[in-house]
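Novice: In the numbering used here, the protein residues as written are 168 to 579.
(1) With the cut-off set at 8 Å, would you say residue 190 and residue 316 are in Cβ contact?
(2) Looking only at C-alpha atoms, which of 353, 470, 203 sits nearest to residue 285?
(3) Can you give the Cα-Cα distance for residue 537 and residue 323, rounded to whole angstroms?
(4) Shortest alpha-carbon distance to residue 222 belongs to which of 568, 409, 338, 480?
(5) For my contact list, residue 263 and residue 340 are in at a C-beta cut-off of 8 Å; report their separation, rounded to the angstrom.
(6) Near residue 555, what residues of its chain come up, given a Cβ to Cβ distance below 7 Å and the 5 sequence neighbours on each side ignored?
(7) By how many angstroms is the C-alpha of residue 504 removed from the C-alpha of residue 571?
(8) Applying the 10 Å Cβ sphere with the 16-neighbour rule, what's the burial state of residue 562?
(9) Taking a contact to mean a Cβ-Cβ separation below 8 Å, would you say residue 444 touches residue 496 in this structure?
(10) Measure how close the beta-carbons of residue 453 and residue 569 come, nearest whole angstrom, since I'm counting them as under 8 Å.
(11) If we ignore side chains and look at the alpha-carbon of each, how far apart do residue 172 and residue 308 end up?
(12) Where does residue 365 sit, in a helix, a strand or coil, going by DSSP?
(13) Going by other Cβ atoms of all chains shown within 10 Å of its Cβ, with 16 needed for buried, is residue 233 buried or exposed?
(14) What residue from 384, 287, 314 has the CA that sits closest to residue 274's CA?
(15) Using the C-alpha atoms, what's the distance from residue 277 back to residue 271?
(16) Would you kindly report the start and end of the unbroken alpha helix (DSSP H) that includes residue 211?
(17) Just to confirm my understanding: we take residue 184, look at its own chain, exclude 5 residues before and 5 after, and list those with CB closer than 7 Å. What are they?
(18) Can you name, in chain order, every residue of its own chain whose Cβ lies under 7 Å from the Cβ of residue 241, other than the five neighbours on each side?
(19) Alpha carbon to alpha carbon, how far is residue 404 from residue 224? Give it in angstroms, no decimals.
(20) Going straight from the alpha carbon of residue 348 to that of residue 357, what length do you get?
(21) If the criterion is Cβ atoms closer than 8 Å, does the pair residue 540 and residue 448 meet it?
(22) Do residue 196 and residue 412 count as a contact pair if the criterion is CB distance below 8 Å?
(23) By how many angstroms is the C-alpha of residue 458 removed from the C-alpha of residue 526?
(24) Secondary structure at residue 497, three-state DSSP: helix, strand or coil?
(25) Compare the Cα-Cα distances from residue 321 to each of 345, 255, 280, 334 and report the closest residue.
(26) Taking just the CA atoms, how far does residue 218 sit from residue 488?
(27) For the 8 Å Cβ check, are there 3 or more pairs between the region 509–528 and the region 478–486?
(28) By alpha-carbon positions, which one of 364, 401, 436 ends up nearest to residue 246?
(29) Ignore the nearest five residues each way along the sequence and tell me which others in residue 344's own chain have a CB closer than 8 Å to its CB.
(30) Could you tell me whether the region 251–258 touches the region 471–479, using the rule of 3 or more Cβ pairs below 8 Å?
(31) For residue 401, collect the residues of the same chain with a Cβ closer than 7 Å to its Cβ; drop the 5 residues on either side in sequence, then sort them by chain order.
(32) With a CB to CB cut of under 7 Å and the five nearest residues on each side skipped, what residues in its chain are close to residue 578?
(33) How many Å lie between residue 312 and residue 226 at the Cα?
(34) Taking just the CA atoms, how far does residue 194 sit from residue 550?
(35) Per DSSP, what kind of secondary structure is residue 521 in: helix, strand or coil?
(36) Note down the Cα distance separating residue 206 from residue 342, rounded to an integer number of angstroms.
As structure tokens, then:
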């Protein structure tokens with residue numbers, strides 16, 4: 168992986184390094200933030216409601232960030248995002264007063280676990296990352312990008328055990344506060360890396376589309392299909408993702424130290440799965456790799472609530488999440504390859520928005536189920552949505568596989 172990294176263009180390396188810096192703080196908070204709120208006395212429904220509000224705000228920003236970056240460039244948007252993250256981390260370090268903590272969470276995206284990406288500005292990040300890469304190189308690089316993010320998330324998840332170690336020094340919920348230092352440090356490093364990177368967006372066409380030119384119409388129709396299919400994926404992610412640490416705590420009465428180790432191992436294994444997915448893409452293609460890995464993950468999701476012990480549930484969760492999330496880079500490469508270069512921000516926004524909007528409903532629904540004692544229900548509801556996603560993904564995108572020889576949509 169290191170050798171592959173050093174051969175990449177300079178700007179690509181800077182963007183991948185920014186993801187590494189950003190992911191550590193995110194990994195700590197995906198484990199600890201819901202537990203922090205619970206330690207402050209928040210109910211499951213209130214925690215889920217806060218996540219839902221944050222995801223809705225993210226969806227609004229996703230809707231505009233990608234298309235705006237197609238027009239105005241990528242760099243400024245990511246720097247603004249990192250500055251906002253820094254401010255949110257400072258607030259969370261300073262106070263647990265509910266109003267301020269809500270503001271910081273909405274701005275900072277604490278606990279929502281975006282795998283080292285730039286949250287609602289991830290379409291901007293993905294479009295920028297594609298600039299120096301030819302069509303068939305995107306899958307491996309995007310998979311490497313995800314592997315770096317998952318590795319950082321794993322390191323951060325290990326740090327989530329810090330409250331257990333600080334319990335004698337910082338009482339109660341106060342022991343969670345130092346975790347926000349990692350978010351602040353990561354954002355400051357990201358700002359420095361992004362300032363050093365060059366943004367060279369693909370130019371838009373100099374002329375309006377001719378009546379006989381059907382390229383934009385065909386691209387738009389593909390984006391409509393992408394939106395519908397990713398909506399199914401978003402519902403499932405929202406139901407089982409943000410409150411996974413809470414489920415382990417409620418189901419098996421475990422604290423952040425134990426859960427953090429499980430999450431950390433899960434992220435490390437997922438990093439390996441991302442690299443393996445890139446190799447699988449080379450052998451059987453992007454679409455087939457996604458279908459096989461996500462299908463195996465679906466079967467494991469059905470079995471997860473039935474596990475009788477923490478150890479068995481943890482082991483199954485690690486393998487399931489690795490197979491499920493390990494395909495992210497391949498799916499992102501497909502998304503940005505559906506359109507020409509000057510529209511990749513729009514394509515990435517369409518994909519992200521389709522996930523974010525329905526995903527926003529998931530945490531509050533899962534919180535209601537958990538609050539009523541139905542700890543298995545969110546998993547089975549999510550499985551139905553994931554099954555629909557897998558079938559439609561194969562049916563719609565088999566003919567648009569970016570790992571197969573075809574024209575590179577750089578022409579404008």
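Glycine is no exception: its CB is placed at the ideal position from the N, C-alpha and C atoms.
Specialist: Quick answer:
(1) Walking along the chain shown from the start, residue 190 turns up at place 23. Walking along the chain shown from the start, residue 316 turns up at place 149. Yes, these two residues count as a Cβ contact at 8 Å.
(2) Here residue 285 refers to the residue found at position 118 of the chain shown. With distances taken between Cα atoms, residue 285 lies closest to 353.
(3) Here residue 537 corresponds to residue number 370 of the chain shown, with the count starting at 1. Here residue 323 corresponds to residue number 156 of the chain shown, with the count starting at 1. Those two C-alpha atoms are separated by around 26 Å.
(4) As a first step, residue 222 is located in the chain shown; it is residue number 55 there, counting from the start. Taking only the C-alpha atoms, the option nearest residue 222 is 409.
(5) The residue labelled residue 263 in the question sits at position 96 within the chain shown. The residue labelled residue 340 in the question sits at position 173 within the chain shown. About 6 Å separates the two Cβ atoms, so the contact holds.
(6) What you label residue 555 is simply residue 388 of the chain shown in a count that begins at 1. Answer for residue 555: 399, listed in chain order.
(7) Numbered from 1 along the chain shown, position 404 holds the residue referred to as residue 571. Numbered from 1 along the chain shown, position 337 holds the residue referred to as residue 504. For residue 571 and residue 504, the distance between alpha carbons rounds to 11 Å.
(8) The residue labelled residue 562 in the question sits at position 395 within the chain shown. Looking at its Cβ environment, which holds fewer than 16 other Cβ atoms inside 10 Å, residue 562 is exposed.
(9) On the chain shown, residue 444 is found 277 positions in, with the first residue counted as 1. On the chain shown, residue 496 is found 329 positions in, with the first residue counted as 1. Contact: yes.
(10) Walking along the chain shown from the start, residue 453 turns up at place 286. Walking along the chain shown from the start, residue 569 turns up at place 402. With 8 Å as the limit, residue 453 and residue 569 qualify as a contact, their Cβ atoms being about 6 Å apart.
(11) Numbered from its first residue, the chain shown carries residue 172 at position 5. Numbered from its first residue, the chain shown carries residue 308 at position 141. In a straight line, the C-alpha of residue 172 is about 9 Å away from that of residue 308.
(12) Taking the first residue of the chain shown as 1, we reach residue 365 at position 198. Here residue 365 sits in coil by DSSP.
(13) Here residue 233 is taken as the residue at index 66 of the chain shown, counted from 1. With 16 or more Cβ atoms within 10 Å of its Cβ, residue 233 is classed as buried.
(14) For the purposes of this step, residue 274 is identified with residue 107 of the chain shown, where counting begins at 1. The shortest Cα separation from residue 274 among 384, 287, 314 belongs to 287.
(15) Counting from 1 along the chain shown, the entry for residue 271 is found at position 104. Counting from 1 along the chain shown, the entry for residue 277 is found at position 110. Their Cα atoms are separated by approximately 8 Å.
(16) If you number the chain shown from 1, residue 211 lands on position 44. Residue 211 -> alpha helix (DSSP H) spans 211–239.
(17) As a working mapping, residue 184 is identified with position 17 in the chain shown. 360.
(18) Counting from one through the chain shown, the residue named residue 241 turns up at place 74. So the list reads 291, 294, 295, 366, 368, once near-sequence residues are dropped.
(19) Within the chain shown, numbered from 1, the residue matching residue 224 stands at position 57. Within the chain shown, numbered from 1, the residue matching residue 404 stands at position 237. When rounded, the distance between both Cα atoms is 17 Å.
(20) Position 181 of the chain shown holds residue 348. Position 190 of the chain shown holds residue 357. Their Cα atoms are separated by approximately 14 Å.
(21) Reading the chain shown from its first residue, position 373 is the one you call residue 540. Reading the chain shown from its first residue, position 281 is the one you call residue 448. Not closer than 8 Å, so no.
(22) On the chain shown, residue 412 is found 245 positions in, with the first residue counted as 1. On the chain shown, residue 196 is found 29 positions in, with the first residue counted as 1. Against a cut-off of 8 Å, the Cβ pair of residue 196 and residue 412 comes out as no contact.
(23) The residue given as residue 526 occupies position 359 in the chain shown. The residue given as residue 458 occupies position 291 in the chain shown. One C-alpha to the other measures close to 21 Å.
(24) Along the chain shown, one-based indexing puts residue 497 at 330. Helix at residue 497.
(25) The count along the chain shown starts at 1 and reaches residue 321 at position 154. Nearest of 345, 255, 280, 334 to residue 321, Cα basis: 280.
(26) Here residue 488 refers to the residue found at position 321 when the chain shown is read from its first residue. Here residue 218 refers to the residue found at position 51 when the chain shown is read from its first residue. Distance between the alpha carbons of residue 488 and residue 218: 20 Å.
(27) no
(28) Taking the chain shown and counting its residues from 1, one reaches residue 246 at position 79. Considering only alpha carbons, the answer is 364.
(29) The sequence position of residue 344 within the chain shown is 177, counting from 1. Here the set comprises 259, 260, 263, 337.
(30) no
(31) Taking the first residue of the chain shown as position 1, residue 401 is located at position 234. 521, 522, 523, 524, 525, 526.
(32) Residue numbering aside, residue 578 sits at position 411 when the chain shown is read from its first letter. With a pLDDT of 44 at residue 578, under the threshold of 50, the modelled position of this residue cannot be trusted, and the question is left open.
(33) Taking the chain shown and counting its residues from 1, one reaches residue 312 at position 145. Taking the chain shown and counting its residues from 1, one reaches residue 226 at position 59. Near 22 Å, if we compare the C-alpha coordinates of residue 226 and residue 312.
(34) Walking along the chain shown from the start, residue 550 turns up at place 383. Walking along the chain shown from the start, residue 194 turns up at place 27. Straight-line Cα distance between these residues: approximately 25 Å.
(35) On the chain shown, residue 521 is found 354 positions in, with the first residue counted as 1. Helix.
(36) Counting from one through the chain shown, the residue named residue 206 turns up at place 39. Counting from one through the chain shown, the residue named residue 342 turns up at place 175. Approximately 10 Å between the Cα atoms of the pair.
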